[in-house]
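Line by line, the protein sequences give chains A and B. Reminder that position 146 of the first sequence reads as 146 in UniProt numbering, one-by-one numbering, no gaps. Reminder that position 80 of the second sequence reads as 80 in UniProt numbering, one-by-one numbering, no gaps. Quick reminder that beta carbons are idealized off the backbone N, C-alpha and C, glycines included. The structure appears below as structure tokens.
2 protein chains.
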Amino acid sequence: MSVATEAQLAQARAARASYRAGTAAPTSGVAHGLTQANLISVPADWAFDVLLYAQRNPRPCPVLEVLEPGQWESRLAPGSDIRTDIPRYRTWRDGELVAETDDALAAWEEHPDLVSFLIGCSFTFEAGLVDAGIPVRHQELGRNVPMYRTNRACAPAGRLSGQLVVSMRPIPADRVADAVTISGRYPAVHGAPVHVGHPEALGIADLMAPDYGDAPVVRDGEIPVFWACGVTPQAAIFASRPPFAVTHAPGYMFITDVPDSEYLA
Amino acid sequence: MSVATEAQLAQARAARASYRAGTAAPTSGVAHGLTQANLISVPADWAFDVLLYAQRNPRPCPVLEVLEPGQWESRLAPGSDIRTDIPRYRTWRDGELVAETDDALAAWEEHPDLVSFLIGCSFTFEAGLVDAGIPVRHQELGRNVPMYRTNRACAPAGRLSGQLVVSMRPIPADRVADAVTISGRYPAVHGAPVHVGHPEALGIADLMAPDYGDAPVVRDGEIPVFWACGVTPQAAIFASRPPFAVTHAPGYMFITDVPDSEYLA
Chain A
1 MSVATEAQLA QARAARASYR AGTAAPTSGV AHGLTQANLI SVPADWAFDV
51 LLYAQRNPRP CPVLEVLEPG QWESRLAPGS DIRTDIPRYR TWRDGELVAE
101 TDDALAAWEE HPDLVSFLIG CSFTFEAGLV DAGIPVRHQE LGRNVPMYRT
151 NRACAPAGRL SGQLVVSMRP IPADRVADAV TISGRYPAVH GAPVHVGHPE
201 ALGIADLMAP DYGDAPVVRD GEIPVFWACG VTPQAAIFAS RPPFAVTHAP
251 GYMFITDVPD SEYLA
Chain B
1 MSVATEAQLA QARAARASYR AGTAAPTSGV AHGLTQANLI SVPADWAFDV
51 LLYAQRNPRP CPVLEVLEPG QWESRLAPGS DIRTDIPRYR TWRDGELVAE
101 TDDALAAWEE HPDLVSFLIG CSFTFEAGLV DAGIPVRHQE LGRNVPMYRT
151 NRACAPAGRL SGQLVVSMRP IPADRVADAV TISGRYPAVH GAPVHVGHPE
201 ALGIADLMAP DYGDAPVVRD GEIPVFWACG VTPQAAIFAS RPPFAVTHAP
251 GYMFITDVPD SEYLA
């Protein structure tokens with residue numbers, strides 16, 4: 001098992017503490033080298049559907065941990081509380097986004113039976129891209145990564161169905177192969193890109209108008225590269241309308257104490 | 001996607017048809033080169049526990065397919081019926097094995113909400129061992145593979161807990177490394193061995209008295225090699241006592257139309 005450095009752990013703990021205190025900012029680049037995760041929490045009655053959806057769609061929904069009803073400390077981050085330690089939460093009712101909040105304590109009070117899924121995040125392999133000298137534009141600019149709902153249907157499961165969501169990073173053409181190779185080493189956090197080069201092939205009409213996150217800045221000589229994204233379960237909630245759900249806000253992730261290298265294939 | 005040969009498909013269909021008609025025999029070596037699977041079916045109320053148990057214990061419980069309530073045709077074998085096409089079934093009530101039968105139609109009549117899990121089986125990579133000239137003793141002798149409940153606890157999930165079950169093949173010492181390498185290429189069907197050489201380290205008091213299957217024949221110069229086994233969920237049922245479950249009988253597997261090579265990593 002890989003072990004995080006003391007400096008990394010201090011960064012992760014400080015970040016979680018500041019989010020718990022109310023800070024809200026996208027987490028790309030925070031605690032460089034540690035794994036980040038998407039959150040989806042649903043009432044126990046919907047837990048099988050979500051876990052089966054993840055099982056049938058492992059590329060966008062790699063399950064890192066499942067917290068059973070009454071659990072909110074992640075084993076990936078001892079001392080954490082997933083109800084408070086994410087910078088921004090979304091509450092969903094009948095598929096509608098009804099609130100964005102700094103914590104999710106009220107959700108757990110209303111639904112003590114929430115089952116929570118921590119899903120791998122492509123921010124995890126961004127450290128590998130940066131370390132290889134590949135620019136990660138949204139990090140450079142202090143913006144959120146752009147994410148898009150595609151025209152590709154995921155495999156349905158129980159009452160859940162929906163489209164694949166992807167994140168996009170513009171990569172210099174001569175580094176695309178390296179970006180594929182490096183991210184491909186991390187299958188548990190989305191792995192290699194699902195598409196390179198043609199947004200329209202994914203049903204993305206306007207690359208400058210992402211469905212989640214901030215608009216990209218694509219420079220001359222750069223190719224848009226698309227990775228499966230852990231926001232995919234949110235698209236399924238939007239499409240399938242379970243009575244209640246809590247998620248992170250896209251780009252505002254749960255920061256764990258686990259080094260990226262733990263998920264190297 | 002790999003495609004099975006017509007000859008393989010004919011063997012698989014003939015085998016399923018004969019099991020449907022009432023034949024019962026262990027399936028090791030049947031339809032050489034096609035994937036075999038373990039079955040566990042539970043009422044919908046227990047489905048999340050089983051799927052989570054599999055997710056937390058992927059080595060013994062690699063999920064190949066989940067059939068939702070009302071489904072009994074496996075996508076891994078078009079035209080199949082998982083209620084009839086396995087040579088022998090076991091019915092469990094409150095953790096007790098209460099019947100072994102040639103079909104499971106009565107179980108589905110009693111519990112139309114059964115959710116079924118097809119779990120990878122080490123018989124799948126036996127073709128690779130045979131093709132490499134490594135003897136597979138129980139096949140040679142027309143016996144069932146020996147399986148053992150170990151002293152290793154699986155990660156619990158919801159109401160389910162239990163011990164790891166392993167299958168054992170005696171391998172000539174000079175071929176152990178090859179057997180590790182070949183099986184390691186199939187992580188979705190248990191992959192490399194979990195243990196080589198010392199049954200007592202797994203809590204196996206008497207190698208000649210397996211908990212499931214037939215007693216082994218170990219020859220001079222052979223080492224007992226242990227692989228994680230898809231009977232592990234049956235040990236969890238035995239230990240955790242859900243009100244109802246149906247499984248295959250150990251060694252009497254579901255034969256799919258999917259080539260082993262589909263599960264090459």
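Item                                                                                                                                                                            : Value
Taking only beta-carbon atoms, is A:E68 less than 9 Å away from chain B?                                                                                                        : yes
So, do the stretch 207-219 of chain B and the stretch 47-65 of chain B have three or more beta carbon pairs nearer to each other than 8 Å?                                      : no
Within 9 Å of any Cβ in chain A, is that where the Cβ of B:G133 sits?                                                                                                           : no
Using beta-carbon positions only, say whether A:V42 and A:V115 come within less than 9 Å of one another.                                                                        : yes
Check the Cβ-Cβ distances between B:G230 and every residue of chain A, and say whether any is below 9 Å.                                                                        : no
Which residues of chain B have a Cβ atom closer than 7 Å to the Cβ of A:F48, listed in chain order?                                                                             : A47, F48, L51
Under 7 Å Cβ to Cβ from B:D94, same chain only, skipping five residues before and after it: list those, please.                                                                 : R241, P243
My output table needs one value for A:Q8: the three-state DSSP class, helix, strand or coil.                                                                                    : helix
Let me check one thing: in DSSP terms, what residues is A:Q36 bridge-paired to?                                                                                                 : A:I255
Starting from B:S183, trace the alpha helix (DSSP H) in both directions and tell me its first and last residue.                                                                 : 176-184
Cβ of B:V44 less than 9 Å from any chain A Cβ?                                                                                                                                  : In the sequence under discussion, the amino acid at residue 44 of chain B is Ala, which differs from the Val named in the question. With 9 Å as the cut-off, B:A44 counts as an interface residue toward chain A.
Classify B:N57: buried if its beta carbon has 16 or more other beta carbons within 10 angstroms, exposed otherwise.                                                             : buried
So A:D174 and A:A132 are supposed to be a Cβ contact under 8 Å. How far apart are they, rounded?                                                                                : Actually they do not touch by this definition, with Cβ atoms about 12 Å apart.
Can you have a look at B:M168 and say buried or exposed, based on whether 16 or more other CB atoms are within 10 angstroms of its CB?                                          : buried
Could you give the DSSP three-state label for A:S18: helix, strand or coil?                                                                                                     : helix
Looking at the C-beta of A:A153, does it have a partner C-beta in chain B at a distance below 9 Å?                                                                              : no
Sort A:F254, A:P259, A:A265, A:D260 by Cα distance to A:A17 and report the nearest one.                                                                                         : A:F254
Under the assumption that B:V189 contacts B:T256 (Cβ atoms under 8 Å), give the Cβ distance between them as a whole number of angstroms.                                        : 11 Å between Cβ atoms; not a contact.
Output, in sequence order along the chain, the residues in the stretch 70-87 of chain A whose CB is closer than 7 Å to any CB in chain B.                                       : none
If we ignore side chains and look at the alpha-carbon of each, how far apart do A:I40 and B:P170 end up?                                                                        : 45 Å
Name the chain B residues whose beta carbon is nearer than 8 Å to that of A:R63?                                                                                                : Going by the sequence as given, residue 63 of chain A is Val instead of Arg. Within 8 Å Cβ-Cβ: Q55.
Using the rule of at least 16 other Cβ atoms within 10 Å of the residue's Cβ for burial, across every protein chain shown, is B:L141 buried or exposed?                         : exposed
Give the C-beta separation of B:A127 and B:H32 to the nearest angstrom, bearing in mind that I take them to be a contact with Cβ-Cβ under 8 Å.                                  : 5 Å
Report the residue ranges of all alpha helix (DSSP H) runs contained in full by the stretch 26-109 of chain B; include only those spanning at least 4 residues, in chain order. : 47-56
Residues of chain A with CB under 9 Å from B:G120, in chain order?                                                                                                              : Near B:G120 there are no residues of chain A at all, since even the closest Cβ is about 13 Å away, more than 9 Å.
With a Cβ-Cβ cutoff of 9 Å, do B:L76 and B:V246 count as a contact?                                                                                                             : no
Using a Cβ-Cβ cut-off of less than 9 Å, give me the residues of the stretch 147-180 of chain A that come near chain B, in sequence order.                                       : A157, G158
Can you give, in chain order, each stretch of the alpha helix (DSSP H) that sits fully within the stretch 134-212 of chain A and has at least 4 residues?                       : 137-140, 176-184
Would you kindly check if the distance between the Cβ of B:D102 and the Cβ of residue 341 of chain B is under 9 Å?                                                              : The question about residue 341 of chain B has no answer, for chain B in this structure spans 1 to 265.
Counting C-beta neighbours from all protein chains within 10 Å, is the total for A:M208 16 or more, i.e. buried, or is it exposed?                                              : exposed
In this structure, what does DSSP give as the bridge partners for A:A245?                                                                                                       : A:W92
Under three-state DSSP, which class holds A:P224?                                                                                                                               : strand
DSSP three-state call for A:S261: helix, strand or coil?                                                                                                                        : helix
Rounded to whole angstroms, what is the Cα-Cα separation between B:L202 and A:I82?                                                                                              : 37 Å
Is it right to say A:P112 is buried, meaning 16 or more other beta carbons lie within 10 angstroms of its own, or is it exposed?                                                : exposed
Verify the CB distance criterion: does residue 270 of chain A have a CB-CB separation below 9 Å to chain B?                                                                     : Nothing can be reported for residue 270 of chain A, as the shown portion of chain A is limited to 1 through 265.
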